[in-house]
Amino acid sequence: EIHIKEPIEKEVNPHLLPGELLLCEASTVYKYVQEDGSNRGTYGKLVCTNFKIAFLDDDSASDDNEPQFKNKIVGENDITLQCVDQIYGVYDEKKKLLTGQLRKYPEKLIIYCKDLRVFHFCLRYTKEEEVKRIVSGIVHHSQTPKLLKRLFLFSYASAAPNNTDGRNQTVMFDTLEDWRDELERTKGNVKYKVVTTNEGYRVSEKLPLYFVVPICISEESILKYEGRGIPIWCWSCHNGAALLKMAAFPKEQDDITAQTQKAFLDGIYKTISKPPYELLKMDDLSSSLPSLQDIQTAYTRFKQLFLIDNSTDFWATDVKWFSLLESTNWLEIIRRVLKKAIEVAECLERQHTNVLLVEESATDLCCVISSLVQVMMDSYSRTKSGFQSLIQKEWVAGGHGFLDRCNHLHKTDKEEAPVFLLLLNCVWQLVQQYPPAFEFTETYLTVLSDSLYVPIFSTFFFNSQHQKDTNTSGESLKTQSGPFRFLTVWDWSVQFDPKAQAFLNNPLYAEKPKPDKSQRKTARFKHQRQLSLPLTQTKPSTKRGFFREETDHLIKNILGKRIGKFINSSDEPPNSFREFYDSWHSKPVDYHGLLLPRIDGPEIKVWAQRYLRWIPEAQLHGGGTIATAAKILDLMEEVQSLQVKMDEESSQAVSGDVHSVPLLRNSARLSSLFPFALLQRQSIKPALPTSTWKDLEDEDDLVKRDDELVDLSGDIS
1 EIHIKEPIEK
11 EVNPHLLPGE
21 LLLCEASTVY
31 KYVQEDGSNR
41 GTYGKLVCTN
51 FKIAFLDDDS
61 ASDDNEPQFK
71 NKIVGENDIT
81 LQCVDQIYGV
91 YDEKKKLLTG
101 QLRKYPEKLI
111 IYCKDLRVFH
121 FCLRYTKEEE
131 VKRIVSGIVH
141 HSQTPKLLKR
151 LFLFSYASAA
161 PNNTDGRNQT
171 VMFDTLEDWR
181 DELERTKGNV
191 KYKVVTTNEG
201 YRVSEKLPLY
211 FVVPICISEE
221 SILKYEGRGI
231 PIWCWSCHNG
241 AALLKMAAFP
251 KEQDDITAQT
261 QKAFLDGIYK
271 TISKPPYELL
281 KMDDLSSSLP
291 SLQDIQTAYT
301 RFKQLFLIDN
311 STDFWATDVK
321 WFSLLESTNW
331 LEIIRRVLKK
341 AIEVAECLER
351 QHTNVLLVEE
361 SATDLCCVIS
371 SLVQVMMDSY
381 SRTKSGFQSL
391 IQKEWVAGGH
401 GFLDRCNHLH
411 KTDKEEAPVF
421 LLLLNCVWQL
431 VQQYPPAFEF
441 TETYLTVLSD
451 SLYVPIFSTF
461 FFNSQHQKDT
471 NTSGESLKTQ
481 SGPFRFLTVW
491 DWSVQFDPKA
501 QAFLNNPLYA
511 EKPKPDKSQR
521 KTARFKHQRQ
531 LSLPLTQTKP
541 STKRGFFREE
551 TDHLIKNILG
561 KRIGKFINSS
571 DEPPNSFREF
581 YDSWHSKPVD
591 YHGLLLPRID
601 GPEIKVWAQR
611 YLRWIPEAQL
621 HGGGTIATAA
631 KILDLMEEVQ
641 SLQVKMDEES
651 SQAVSGDVHS
661 VPLLRNSARL
671 SSLFPFALLQ
681 RQSIKPALPT
691 STWKDLEDED
701 DLVKRDDELV
711 DLSGDIS
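Here is the structure:
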């Protein structure tokens with residue numbers, strides 16, 4: 001049975017961005033609402049432009065019922081071409097993957113998106129000519145290989161007015177001053193220097209124009225192997241230990257070349273590792289972490305759990321949820337990455353040892369681990385501008401191949417791997433375990449993950465700084481007055497108005513207290529180690545060690561300059577990691593010090609907001625983190641209004657200093673899908689088991705006991 005809503009009479013035209021062109025369209029397309037088998041939906045027009053696929057119904061024309069959290073660039077029925085994952089056609093109730101040229105056109109189109117939305121369009125009532133045009137147009141523009149200059153990024157940059165200031169306190173790391181300031185901020189300028197050797201990209205096209213190396217590294221060494229084998233500085237710890245990364249030499253080499261390279265590396269290591277005062281630990285990430293192929297395979301399996309076609313599919317998978325989740329191996333990969341970051345933090349913080357991360361190109365897992373370590377150890381990276389600057393430094397300037405890893409051009413699947421998504425998943429674990437430590441929210445991380453597929457920002461659409469620079473001022477721009485001015489994703493005003501941006505900021509962020517001048521003078525001895533471990537709120541003593549019984553002994557060692565003896569016992573017992581981890585977790589958390597994620601057992605969770613936000617069956621009515629946030633924002637608003645009244649009474653009116661917070665009244669009506677999906681559909685779990693359940697009952701009596709208890713919202717709450 002099909003509940004038909006009459007086709008719309010009035011013409012609805014798509015809202016086009018500067019540089020956006022309408023390529024093909026089809027009228028009388030029926031979009032299903034996917035939550036049940038009733039085939040309910042709405043008629044409208046399906047259009048494809050050089051930027052997006054959009055469905056326009058009569059609701060698109062009205063501005064009534066505007067969502068509170070509206071994206072100004074991508075509407076709820078818009079799919080950017082880069083966001084399309086796979087397209088299926090339905091022929092006589094059978095699903096078939098659509099790629100390339102089509103001989104026969106389907107009666108139904110299913111589009112799976114990279115942000116995990118699923119769209120079902122029925123083409124049965126559409127004219128045959130329009131079906132051919134729209135289906136082949138959508139498949140061609142979203143699935144076939146593209147040239148870089150054909151990306152909408154360039155059309156938009158040449159047509160859009162350049163009136164936005166995208167910096168927003170985010171350090172872009174594209175100038176010499178940015179790197180010098182970062183060295184100054186982390187006190188790394190004693191042992192490290194910014195080099196200009198790569199100006200004009202004469203060392204390597206993969207390296208940024210400016211980067212930081214140990215002071216003793218010569219320009220000849222940097223030039224010798226195109227930057228390979230050179231330790232590049234990422235960050236310095238308060239105690240002087242530094243985190244470095246290095247692009248390894250290719251493994252398949254003839255003996256003579258291999259020996260020359262080994263001698264070169266030995267010389268480099270000697271300049272950095274000077275026991276007992278300067279120690280170096282190397283960590284080859286290609287052998288100690290999963291391969292990019294493993295990460296891609298795990299994520300492909302994982303996302304299938306959330307690309308749900310209908311209610312029946314959802315409940316059929318729900319009963320096997322935990323075993324299906326475990327079999328993907330995605331959460332295990334997140335656990336391993338977090339564990340590796342804790343190991344690196346232990347070396348830097350506890351052992352005063354420099355850590356050198358080694359990887360083939362030093363632009364994938366090196367970026368993940370170095371970013372995570374900084375988020376865990378440096379409270380600046382937990383502020384919004386600090387986190388954005390970190391991504392600019394380690395990922396954008398650091399040369400992560402976003403174009404290949406996200407497969408934006410559909411050239412080859414071999415290079416694709418969700419490396420940046422892996423970082424965001426790991427950071428989310430920290431955000432949900434220690435909310436007051438972060439200035440941003442999980443909604444910020446979710447929106448950032450969506451922005452990977454919005455090709456109006458240059459941030460995630462180049463493989464390197466060199467590729468961006470060469471394409472910013474290309475030969476094809478003779479008609480233009482100057483080079484392209486790309487937008488940066490960090491200018492959130494492009495996507496959201498101020499009211500919506502309030503959802504990106506954490507109202508409960510514990511801001512860093514400004515230190516007392518009297519305390520500051522006595523706090524630092526020449527050799528004393530400043531431990532960024534959790535401090536009790538009553539006694540913020542700088543002499544707090546990792547283990548109470550060791551504190552005095554440790555400080556005597558450091559002050560007595562016997563640090564060599566202390567560190568040189570590098571034959572650490574195998575439980576050293578566990579001791580460090582348990583000791584940290586046994587103390588109160590200092591939200592501005594070192595943060596270690598909990599990684600045991602069920603502590604690693606599914607990022608519910610990102611992966612479940614389009615599934616009505618998984619919503620908690622009146623529940624979830626957003627309902628809690630709504631109550632807090634209501635309270636804050638009340639406190640602020642009382643503050644204003646008090647200030648007025650004491651005739652000191654506040655001059656617009658009150659932070660605007662979104663009004664979230666009636667939080668009981670919100671569901672955990674807010675602010676992304678506003679649909680409040682009730683989904684009833686079927687009373688009778690489906691055929692899948694019957695099969696399971698034969699194998700195991702688990703379902704008989706838990707048939708009414710197993711439900712996804714319980715699994716992730």
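Quick note on numbering: full-length UniProt numbering labels position 91 of the sequence shown as 91, and the sequence is numbered without any gaps. The beta carbon of each residue, even a glycine, is placed where N, CA and C say it ideally should be. If you're wondering where the values come from, they're calculated on a predicted model, not measured in any experiment.
DSSP places PHE306 in the coil class of the three-state scheme, outside both helix and strand. Assignment of beta-bridge partners to ILE79 by DSSP yields ILE53. Where ILE134 is concerned, the enclosing alpha helix (DSSP H) starts and stops at 128–143. In the three-state scheme derived from DSSP, where H, G and I count as helix and E and B as strand, LEU17 is classed as coil. Following the DSSP letters along the chain, one finds ALA26 inside the beta strand (DSSP E) bounded by residues 22–32. Per the DSSP secondary-structure output, GLU359 pairs in a beta bridge with ALA247. With fewer than 16 neighbouring CB atoms inside 10 Å of its own CB, HIS15 falls in the exposed class. Looking at the DSSP output, MET282 shares a beta bridge with LEU356. Contact annotation: the segment 376–388 does not touch the segment 259–279, with fewer than three C-beta pairs closer than 8 Å. Counting other Cβ atoms within 10 Å of its Cβ, ALA627 reaches 16 or more and is therefore classed as buried. Straight across, the Cα-Cα distance linking HIS466 with PHE484 is about 15 Å. Across the structure, GLU226 and GLU205 are spaced so that their CA atoms are roughly 9 Å apart. Residue pairing by DSSP places SER671 opposite HIS621 in a beta bridge. About 41 Å separates the beta carbon of TYR192 from that of PRO161, a gap too long to meet the 8 Å contact definition. Membership of TYR105 in any alpha helix (DSSP H) is not indicated, and neither H nor E is assigned to it by DSSP. Per DSSP, GLY267 is one residue of the alpha helix (DSSP H) stretching across 255–272. Here HIS120 carries a strand assignment [DSSP, helix/strand/coil]. As summarised for the segment 441–514, the continuous alpha helix (DSSP H) elements at least 4 residues long and confined to that stretch are 442–451, 465–472 and 498–501, given in chain order.
DSSP places ALA242 within a strand segment (E or B) once states are collapsed to three. Counting only the Cα atoms, SER155 lies some 31 Å from PHE211.
When DSSP assignments are scanned along the segment 577–655, the uninterrupted stretches of alpha helix (DSSP H) that are 4 or more residues long and fall wholly within it turn out to be 608–612 and 624–649. When DSSP reads this structure, GLY100 sits in no beta bridge, so it has no partner. For PHE211, there is no enclosing alpha helix (DSSP H); the enclosing beta strand (DSSP E) has its first and last residue at 211–214. For ASP85, the enclosing beta strand (DSSP E) begins and ends at 84–91. Three or more pairs of CB atoms, one per stretch, sit closer than 8 Å, so the segment 73–89 contacts the segment 97–112. For the options PHE676, PHE249, ASP413 and GLU184, the alpha carbon positioned closest to that of GLN296 is the one of ASP413. The count of Cβ pairs closer than 8 Å, one atom from the segment 338–348 and one from the segment 629–637, stays below three, leaving the stretches out of contact. For ILE217, no beta strand (DSSP E) segment is defined, and its DSSP state is neither H nor E.
Inter-residue distance for THR99 and HIS141 is about 11 Å (C-alpha atoms, whole angstroms).
Positions of the beta strand (DSSP E) runs, each at least 3 residues long and wholly inside the segment 323–387, are given as 353–359 in order along the chain. The criterion of a C-beta distance shorter than 9 Å is satisfied by VAL454 and VAL489. Cβ neighbours of ILE272 within its own chain (closer than 7 Å, five residues either side excluded): PRO214, PRO231, GLU278, LEU280 and ASN354. By the CB criterion at 9 Å, GLN433 and PRO597 fall inside the cutoff. By DSSP's assignment, LYS191 forms no beta bridge with any residue. Taking all protein chains in view, the Cβ of ASP450 is crowded by 16 or more other Cβ atoms within 10 Å, so the residue is classified as buried. Annotation: the continuous alpha helix (DSSP H) that includes CYS426 extends over 419–433.
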